[in-house]
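Going down the list, the protein sequences come from chains A and B. Note that UniProt numbering has the first sequence beginning at 1, numbered continuously upward. Note that UniProt numbering has the second sequence beginning at 1, numbered continuously upward. Think of the CB as a built atom: it goes at the ideal place given N, C-alpha and C, for glycine as much as any other residue. Please read these numbers as outputs of a predicted model, since none were measured by experiment. Written below as structure tokens is the structure these notes are about.
There are 2 protein chains.
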Amino acid sequence: MQPHSAETRVRAASTEGGRRTRDRILRAAAELMFKQGVAGTSIPDVQRRAQVSASQIYHYFGDKKGLTAAVIEYQSTVKLEQQRPLLDHLDSIEALREWCERAAVRLDAVHCVGGCEIGSLASELSDIDPSARLGLATGFAAWQAAIESGLARMRERGDLGADEDVSALAVALLAAIQGGMLLSQVNQDATPYRRAVNVVIDHIADRVAAARASRPADR
Amino acid sequence: MQPHSAETRVRAASTEGGRRTRDRILRAAAELMFKQGVAGTSIPDVQRRAQVSASQIYHYFGDKKGLTAAVIEYQSTVKLEQQRPLLDHLDSIEALREWCERAAVRLDAVHCVGGCEIGSLASELSDIDPSARLGLATGFAAWQAAIESGLARMRERGDLGADEDVSALAVALLAAIQGGMLLSQVNQDATPYRRAVNVVIDHIADRVAAARASRPADR
DNA sequence: ACGAGATTGGAAAGGCAATTCCAATCTTTG
DNA sequence: CAAAGATTGGAATTGCCTTTCCAATCTCGT
Numbered sequence: 001m002q003p004h005s006a007e008t009r010v011r012a013a014s015t016e017g018g019r020r021t022r023d024r025i026l027r028a029a030a031e032l033m034f035k036q037g038v039a040g041t042s043i044p045d046v047q048r049r050a051q052v053s054a055s056q057i058y059h060y061f062g063d064k065k066g067l068t069a070a071v072i073e074y075q076s077t078v079k080l081e082q083q084r085p086l087l088d089h090l091d092s093i094e095a096l097r098e099w100c101e102r103a104a105v106r107l108d109a110v111h112c113v114g115g116c117e118i119g120s121l122a123s124e125l126s127d128i129d130p131s132a133r134l135g136l137a138t139g140f141a142a143w144q145a146a147i148e149s150g151l152a153r154m155r156e157r158g159d160l161g162a163d164e165d166v167s168a169l170a171v172a173l174l175a176a177i178q179g180g181m182l183l184s185q186v187n188q189d190a191t192p193y194r195r196a197v198n199v200v201i202d203h204i205a206d207r208v209a210a211a212r213a214s215r216p217a218d219r
Numbered sequence: 001m002q003p004h005s006a007e008t009r010v011r012a013a014s015t016e017g018g019r020r021t022r023d024r025i026l027r028a029a030a031e032l033m034f035k036q037g038v039a040g041t042s043i044p045d046v047q048r049r050a051q052v053s054a055s056q057i058y059h060y061f062g063d064k065k066g067l068t069a070a071v072i073e074y075q076s077t078v079k080l081e082q083q084r085p086l087l088d089h090l091d092s093i094e095a096l097r098e099w100c101e102r103a104a105v106r107l108d109a110v111h112c113v114g115g116c117e118i119g120s121l122a123s124e125l126s127d128i129d130p131s132a133r134l135g136l137a138t139g140f141a142a143w144q145a146a147i148e149s150g151l152a153r154m155r156e157r158g159d160l161g162a163d164e165d166v167s168a169l170a171v172a173l174l175a176a177i178q179g180g181m182l183l184s185q186v187n188q189d190a191t192p193y194r195r196a197v198n199v200v201i202d203h204i205a206d207r208v209a210a211a212r213a214s215r216p217a218d219r
């Protein structure tokens, strides 16, 4: 009977206070959905956390689906911006290790609760909300692109052989991160994440060594 | 106020018909929870699917949490038994590829809906249901053990160097599978899974080649 | 300062889900 | 066959959640 997700009118905040309210709601929802899942987060939950009334949430986001979509976009862009300095320089084995280890430290800090902000949403929503799936695919694509461009630079530079499939390597690293975080979440221990990620980076390092070996004239 | 998951009395079926009913419920719940998530699966949903009345579900499983726990154990054992013949012989690169590719074919068949039976449950329940997390950790451990024992056999045989960390390699492969399935689910395309898994297996293959190279007297 | 539109509070409608209950109806066993 | 226990049907209870609605109150341009 429901118009199947007719995107209800979502008014953009046009006043300063409105913008802050909208932001407070978004942050609260993002945090709750991350820790308890989307289904496990009710509108009243968000209300309490953000200290707003129901009307404000529906005023700015239309309905729960709209709020969820906003959270997906929020998490995608926020996580990306947070790591921008590192993400733009993933063009050496050391940089890759440093980047992945930073995530490991974060896992330690929260005792592996929640796993990956995007991965958790992806697992929960992919099969039941097509538009959410789209948004999440976009989020992952940005990550993959960041890794891939770093690897591509290494290849241009000659650190990696010209025949390396940097796209596949990027996907493998991303998968190791996601799968590793899931295993760490289940075991409440960051070790599986570290092992999974390190094995893939070791593999990339091996390829770098191989490229160097086949080019003995250098250095 | 609720005794926080006091495991309600769960009567084991003591009659033939009872056993079949219990089984029907379990299968229906497993399938629904796999495709729609635990939160997205209501008791009435299970009733319809299994053609039973509410009392039967509560009679055999106590409450929804009990049903969920039963589904976790069911999925863990079923998936393991299904693959038993392959799982017991993961002691060659070819066997590993064959095993992983079989999962890829399954993904293709269902258009990547659902991802991994256990991984999906793990992502949804790990942070909100401690006892479920335990059960899922056990399920993953069995998988890891199967991979690890295959790799250990390769090491004993000399296919892998004596210094290889087969435990880390097993975790990496399991993570690649889980992460790859997640990426495939989001992209509705089994390619990410295949790439992720193949990169890790390539890495193991490289180690095998290295072991062979350092032992030129053989063959 | 005034009016339009933005923002907010809070109540209340409507629905569905989890769970309980009790009264049948089978099954098994002595 | 009769009693005990297992199994089943289906209604009823309770509670929470999503969403809507309307009446304030606030903000801002003019």
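Below 9 angstroms on C-beta distance, what does B/Leu169 contact in chain A?
Within 9 angstroms Cβ-Cβ: Arg195 and Val199.
Work out the CA separation of B/Val197 and A/Arg215 for me, nearest whole Å.
29 angstroms
Can you find a C-beta in chain B that's less than 9 angstroms from the C-beta of A/Pro44?
Interface flag for A/Pro44 against chain B is unset, since no Cβ pair is found closer than 9 angstroms.
Please classify B/Asp159: is it buried, with 16 or more other beta-carbons within 10 angstroms of its beta-carbon, or exposed?
buried
If you compare alpha carbons, which of A/Ala103, A/Asp91 and A/Ala12 is closest to A/Gln83?
The alpha carbon of A/Gln83 has as its nearest neighbour, out of A/Ala103, A/Asp91 and A/Ala12, the alpha carbon of A/Ala103.
Are the Cβ atoms of A/Val171 and A/Ala152 separated by less than 9 angstroms?
no
Is DSSP giving A/Pro3 helix, strand or coil here?
Because A/Pro3 carries a pLDDT of 38, less than 50, the predicted location of this residue cannot be relied on, and no value is offered for it.
Cutoff 9 angstroms: B/Asp206 Cβ touching any chain A Cβ:
yes
So, A/Ile204 versus A/Leu174, is the Cβ gap smaller than 9 angstroms?
no
For B/Arg207, the three-state DSSP class (helix, strand or coil):
Residue state, collapsed to three classes: helix.
Taking 9 angstroms as the threshold (C-beta atoms), are A/Glu73 and A/Gly135 in contact?
yes
B/Ala122 versus A/Ser14: straight-line alpha-carbon distance, rounded:
41 angstroms
Against B/Phe140, what residues of chain A qualify as contacts under a CB-to-CB distance less than 8 angstroms, listed in chain order?
Leu183, Val186 and Asn187
So, helix, strand or coil for A/Gln75, using DSSP?
If DSSP states are grouped into helix, strand and coil, A/Gln75 belongs with the helices.
Label B/Ala12 either buried or exposed according to how many other C-beta atoms from any shown protein chain fall within 10 Å of its C-beta, with 16 as the threshold for buried.
With fewer than 16 other CB atoms across the displayed protein chains lying within 10 angstroms of its CB, B/Ala12 is exposed.
Candidates A/Ser53, A/Leu87, A/Val78 and A/Ala30: which alpha carbon is nearest A/Gln144's?
Minimum Cα distance to A/Gln144 is reached at A/Leu87.
Reference B/Ser184; option with closest CA among B/Arg27, B/Val52, B/Ser120 and B/Glu94:
Among B/Arg27, B/Val52, B/Ser120 and B/Glu94, the Cα nearest to that of B/Ser184 belongs to B/Ser120.
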